[in-house]
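Novice: Sending over a structure as structure tokens; questions will come in a sec.
Number of protein chains: 2
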Amino acid sequence: MSQPTVSRALRGSKSVSAATRANIERIARELNYTVDKNASSLRSQRTHTLALLFFEDPTPDESMINPFFLSMLGSITRQCALRGYDLLISFQQMHNDWHVAYQDSHRSDGIILLGYGDYQTYRAKLEHLVEMDTKFVRWGSVSDDGIGLTVGSDNVGAGRQAGDHLIEIGRRSIAFLGDASDHAPEFQDRYTGLCEAMRAAGLAPDPALQRDAVSSEESGYAAARALLAAGKPFDAIFAASDLIAIGAMRALGEAGLHMPRDVAIIGFDDIPAAGLTSPTLTTVMQDMKGAGELLVDALLRRIDGQPAERRVLPTRLIERQSTAV
Amino acid sequence: MSQPTVSRALRGSKSVSAATRANIERIARELNYTVDKNASSLRSQRTHTLALLFFEDPTPDESMINPFFLSMLGSITRQCALRGYDLLISFQQMHNDWHVAYQDSHRSDGIILLGYGDYQTYRAKLEHLVEMDTKFVRWGSVSDDGIGLTVGSDNVGAGRQAGDHLIEIGRRSIAFLGDASDHAPEFQDRYTGLCEAMRAAGLAPDPALQRDAVSSEESGYAAARALLAAGKPFDAIFAASDLIAIGAMRALGEAGLHMPRDVAIIGFDDIPAAGLTSPTLTTVMQDMKGAGELLVDALLRRIDGQPAERRVLPTRLIERQSTAV
DNA sequence: CGCCATAGGGTATACGTATACGCATATTAT
DNA sequence: ATAATATGCGTATACGTATACCCTATGGCG
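So the protein lines, in turn, are chains A and B. According to the working numbering, the first sequence is numbered sequentially starting from 69. According to the working numbering, the second sequence is numbered sequentially starting from 69.
Written as structure tokens, this is what we have:
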């Protein structure tokens, strides 16, 4: 029973007899022996590890993490475990050199990128990754920018869903809170979907009813206040995230407006808090479980040299009191 | 410039001259060269990686993760980064053999254990870890059970804080929702603190006003219903977690009770949703940021063979409407 | 009965780094 | 001035595995 035979047996090579393998496995168990991951990776140049890089624009409290992405973590780790991969995790601020750190040092076979943040500033880094032939997937807008492999929700469809629902309950003047520029492609897509729904119903989207906001309660509050101050009437709000929606609800409440009577409101993400606001918040739920699975699956296909295309996940409208007329 | 010199230079050894080091670093940058982590770990037997093992009792939806621990993730990853360590992550169900998987295969230098769950069932595994001389820290009750190194909130003190506050606003019959058995040492500690506060104020804790509950809204709802059904009067509730508290609030609301007039209520954890309930929920906040830092710090000390003792973190009472008389 | 294919497993080696050791040259003590 | 030390770096080797290659039995086939 030489060392290579043990190596072959434990990795399930077919060139070792069943009897020998059983024997080796028994002895390994007795000795509490496990294969040294470092030696194995060094020799085979495969780490069986994926790196999860989480980046955001710097926040005041640097230890805060967007809860939306955290909720994806469960299915990602689970999927990694099922596929026999470890997960290396790192929460980076955008300015770091995450784009070289992981692949070159042979820590991982591929990278999963999660994060909102200014899309333009990290586009160059993505291109660098492509150049180095680093395997990666990212979560984000699925509209084709040609860089790498993307998995994301059908944001345009989701925007249409939200718009259709608001129109269905009789709303005509629908405001949108969220950055609609190409700095935030996902928010932009949601706005696009809303506009499509409105046009399909014969309504004209009013640019004056769109206000930029990043995904935070404060930003949503500020955006809603600005919208109210502008004086332009509206009877519904589609917020690009639940946090924005919650901030907006606070502003509307302070302004003495009743929801949903005066203003119906829809959020995005279905964070746990959405069921606890008053009124409870109608929102668009993303398939986080499927997201993790598709991300890992797409990345592993890419690592194995199999064809892997963009994947789009459907969303689901969760109707609650904030649109219950 | 031999290979060992490069190795020495890049790791900051003092036995290489400043000029040579600068030169080597420049060339490394030009060539996009980084040290191979696997080879380095293999040779030095140090991975510079910590493993985060997250375990829970199996839940219906296996991809769900306790948001409380997720919020610790930020400061843990950050602290790891600051100390030059990678973080390997794994969410395990209790029944797996996590207690052997990581250390033996040389994936990490040490383990951080997070998780609620039945304490008794994993006690044996902890002892196994100690036997194997595996370096680990865990988050939990700091009451001394002698197994390994623990970092945790001052749960007894927190219970006293909550009790004192409720007594201060004139409550005399304080119920406790949360498992008070030694299956959940942290909840037990919180109950102990509450009882201490009551006794200090000349009140006698009534065992009939304690109801078991695990940390979920459903469980809190059920516990509060049971409490109401028992008919024993009470004017305050201290819930062992915010989720329990939120469930209890739903039960109280359905019973037509007004909070805080009829029943004041305090939760635990200060999850984001606590500020969104109506009434907003008074709660005990744990120092999650400090927690991550202390966990990592304690583990690294242990790995380096330095003395490392148990660490206790203070908590802070966040007063909101649910106790505002 | 001789031939070849095949299964099963051993031998030798390479992966890229860290470290013990040795050897110059430079520096200080005597 | 000579011996004693320190500094800076090269040589040789080991970490534990995976893989290319080789060798031995065994069985099938003519």
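No residue lacks a Cβ here, since even glycine has one placed at the ideal position from N, Cα and C. None of these values were measured; they are calculated from a predicted model.
Check the Cβ of B:Arg151 against every Cβ in chain A and list those closer than 7 Å, keeping chain order.
Specialist: Taking the first residue of the second sequence as 1, we reach residue 151 of chain B at position 83. Neighbours of B:Arg151 on chain A: none; closest Cβ ~13 Å, over 7 Å.
Novice: Just the Cα atoms here: how many angstroms apart are A:Gly358 and B:Asp280?
Specialist: In the first sequence, residue 358 of chain A corresponds to position 290, counting from 1. In the second sequence, residue 280 of chain B corresponds to position 212, counting from 1. Roughly 35 Å separates the two Cα atoms.
Novice: Would DSSP call B:Gln278 helix, strand or coil?
Specialist: Working through the second sequence from its first residue, we reach residue 278 of chain B at position 210. B:Gln278: strand per DSSP, three-state reduction.
Novice: Using a Cβ-Cβ cut-off of 8 Å, state whether B:Leu138 counts as contacting chain A.
Specialist: Indexing the second sequence from 1 puts residue 138 of chain B at position 70. Chain A contact via Cβ: present.
Novice: Under 8 Å, do B:Thr145 and A:Ile144 count as touching if we go by C-beta distance?
Specialist: Taking the first residue of the second sequence as position 1, residue 145 of chain B is located at position 77. Taking the first residue of the first sequence as position 1, residue 144 of chain A is located at position 76. No, they are not a contact pair.
Novice: Taking 8 Å as the cut-off, decide whether the C-beta atoms of B:Asp303 and B:Arg239 are in contact.
Specialist: To locate residue 303 of chain B, count along the second sequence from 1; it is residue 235. To locate residue 239 of chain B, count along the second sequence from 1; it is residue 171. Yes, they are a contact pair.
Novice: Any C-beta of chain A within less than 7 Å: which residues of the stretch 318 to 349 of chain B qualify?
Specialist: Pro340, Ala341, Leu344, Thr345, Ser346
Novice: Tell me whether B:Val331 sits in a helix, a strand or coil according to DSSP, three-state version.
Specialist: On the second sequence, position 263 is the one that residue 331 of chain B refers to. B:Val331 sits in coil when the DSSP states are folded into three classes, being neither helix nor strand.
Novice: For a cutoff of 8 Å on Cβ pairs, would you count B:His174 as touching chain A?
Specialist: As a position in the second sequence, residue 174 of chain B is number 106, starting the count at 1. Interface residue, yes.
Novice: Applying the 10 Å Cβ sphere with the 16-neighbour rule, what's the burial state of B:Asn106?
Specialist: If you number the second sequence from 1, residue 106 of chain B lands on position 38. Label assigned to B:Asn106: buried.
Novice: Would you give the residue range spanned by the alpha helix (DSSP H) that A:Gly360 belongs to?
Specialist: For this step, residue 360 of chain A is matched to residue 292 along the first sequence. From DSSP, the alpha helix (DSSP H) with A:Gly360 extends over 356 to 371.
Novice: Does the Cβ-Cβ distance between B:Val205 and B:Gly220 come in under 8 Å?
Specialist: Within the second sequence, the letter at position 137 stands for residue 205 of chain B. Within the second sequence, the letter at position 152 stands for residue 220 of chain B. Against a cut-off of 8 Å, the Cβ pair of B:Gly220 and B:Val205 comes out as no contact.
Novice: Is B:Met69 helix, strand or coil when you go by DSSP?
Specialist: In the second sequence, counting from the first residue as 1, residue 69 of chain B sits at position 1. Looking at B:Met69 - three-state DSSP - the assignment turns out to be coil, as it is neither helix nor strand.
Novice: For chain B, check one thing: does any of its Cβ atoms lie closer than 8 Å to the Cβ of A:Thr145?
Specialist: As a working note, residue 145 of chain A is residue 77 in the first sequence. Yes - at least one Cβ of chain B is within 8 Å of the one on A:Thr145.
Novice: Three-state secondary structure (DSSP) at A:His163?
Specialist: Position 95 of the first sequence, counted from the first residue, corresponds to residue 163 of chain A. Below a pLDDT of 50, predicted positions are generally treated as unreliable, and A:His163, at 49, falls in that range; the measurement from the model is reported next regardless. In the structure shown, A:His163 sits in coil (DSSP, three-state: anything other than H, G, I, E or B).
Novice: What separation, rounded to the nearest whole angstrom, lies between the Cα atoms of A:Leu362 and A:Arg379?
Specialist: Here residue 362 of chain A refers to the residue found at position 294 of the first sequence. Here residue 379 of chain A refers to the residue found at position 311 of the first sequence. Rounded to the nearest angstrom, the two C-alpha atoms are 7 Å apart.
Novice: Nearest by alpha-carbon distance to A:Ser249: which of A:Ile242, A:Ser241, A:Ala243, A:Tyr259 is it?
Specialist: Within the first sequence, the letter at position 181 stands for residue 249 of chain A. Comparing Cα-Cα distances from A:Ser249 to each of A:Ile242, A:Ser241, A:Ala243, A:Tyr259, the minimum goes to A:Tyr259.
Novice: When burial is assigned at 16 or more other CB atoms within 10 Å of the CB, is B:Ser112 buried or exposed?
Specialist: Start at 1 with the first residue of the second sequence, and residue 112 of chain B comes out as number 44. B:Ser112 comes out exposed.
Novice: Around the C-beta of B:Val364, are 16 or more other C-beta atoms found within 10 angstroms, so that it is buried, or is it exposed?
Specialist: For the purposes of this step, residue 364 of chain B is identified with residue 296 of the second sequence, where counting begins at 1. Its Cβ being crowded by 16 or more others within 10 Å, B:Val364 is buried.
Novice: Applying the criterion that 16 or more other CB atoms from any shown protein chain within 10 Å of the CB defines a buried residue, is A:Asn223 buried or exposed?
Specialist: Taking the first sequence and counting its residues from 1, the one referred to as residue 223 of chain A is at position 155. Buried, because 16 or more other Cβ atoms sit within 10 Å of the Cβ of A:Asn223.
Novice: Which partner residues does B:Ala243 have in the DSSP bridge list?
Specialist: Taking the second sequence and counting its residues from 1, the one referred to as residue 243 of chain B is at position 175. B:Ile305.
Novice: Report the rounded CA-to-CA distance for A:Ala272 versus A:Pro253, giving the unit in angstroms.
Specialist: Indexing the first sequence from 1 puts residue 272 of chain A at position 204. Indexing the first sequence from 1 puts residue 253 of chain A at position 185. Spanning the two alpha carbons is a distance of roughly 22 Å.
Novice: Leaving aside the five residues before and after B:Ser176 along the sequence, list all residues of the same chain whose C-beta is less than 6 Å from its C-beta, in chain order.
Specialist: Here residue 176 of chain B is taken as the residue at index 108 of the second sequence, counted from 1. Thr115, Thr117, Leu118, Ala119, Leu156, Tyr170.
Novice: Ends of the alpha helix (DSSP H) at A:Ser287?
Specialist: Within the first sequence, the letter at position 219 stands for residue 287 of chain A. Counting along the chain, the alpha helix (DSSP H) containing A:Ser287 begins and ends at 285 to 298.
Novice: Specify, as a first and last residue, the run of the beta strand (DSSP E) that B:Leu395 falls within.
Specialist: Nothing in the structure corresponds to residue 395 of chain B, since chain B is present only between 69 and 393.
Novice: If we define contact as Cβ-Cβ less than 8 Å, is B:Lys105 a contact residue for chain A?
Specialist: One-based indexing of the second sequence puts residue 105 of chain B at position 37. Closer than 8 Å: yes.
Novice: What does the alpha-carbon distance come out to for the pair A:Gly216 and A:Ser85?
Specialist: To locate residue 216 of chain A, count along the first sequence from 1; it is residue 148. To locate residue 85 of chain A, count along the first sequence from 1; it is residue 17. Looking at the two C-alpha atoms, the distance is approximately 43 Å.
Novice: Rounded to whole angstroms, how far is the Cβ of A:Leu344 from the Cβ of A:Ala319, which I believe are closer than 8 Å?
Specialist: The sequence position of residue 344 of chain A within the first sequence is 276, counting from 1. The sequence position of residue 319 of chain A within the first sequence is 251, counting from 1. So it is not a contact: roughly 18 Å between Cβ atoms.
Novice: What residue from A:Gly299, A:Ala307, A:Ala308 has the CA that sits closest to A:Ala323's CA?
Specialist: In the first sequence, counting from the first residue as 1, residue 323 of chain A sits at position 255. The option with the nearest alpha carbon to A:Ala323 is A:Gly299.
Novice: So what does DSSP say about A:Lys82, is it helix, strand or coil?
Specialist: For the purposes of this step, residue 82 of chain A is taken as the residue at position 14 of the first sequence. In this structure, A:Lys82 counts as coil in the three-state DSSP scheme.
Novice: At the level of alpha carbons, what is the spacing between B:Ala230 and B:His251?
Specialist: Against the second sequence, residue 230 of chain B aligns to sequence position 162. Against the second sequence, residue 251 of chain B aligns to sequence position 183. Their Cα atoms are separated by approximately 22 Å.
Novice: Three-state secondary structure (DSSP) at B:Leu197?
Specialist: Numbered from 1 along the second sequence, position 129 holds the residue referred to as residue 197 of chain B. The answer is helix: DSSP assigns B:Leu197 an H, G or I state.
Novice: What do you reckon, are the CB atoms on B:Met140 and B:Gly288 nearer than 8 Å?
Specialist: One-based indexing of the second sequence puts residue 140 of chain B at position 72. One-based indexing of the second sequence puts residue 288 of chain B at position 220. No.
Novice: Throw me the rounded Cβ distance for the A:Ile242 and A:Met266 pair, which I believe falls under 8 Å.
Specialist: As a working mapping, residue 242 of chain A is identified with position 174 in the first sequence. As a working mapping, residue 266 of chain A is identified with position 198 in the first sequence. 7 Å between Cβ atoms; contact.
Novice: Assign A:Thr260 to one of three DSSP states: helix, strand, or coil.
Specialist: In the first sequence, residue 260 of chain A corresponds to position 192, counting from 1. Three-state DSSP puts A:Thr260 in a helix.
Novice: Please state whether DSSP places A:Ile314 in a helix, a strand or coil.
Specialist: Locating residue 314 of chain A in the first sequence gives position 246, counting from the first residue. In the structure shown, A:Ile314 sits in a helix (DSSP, three-state: H, G or I).
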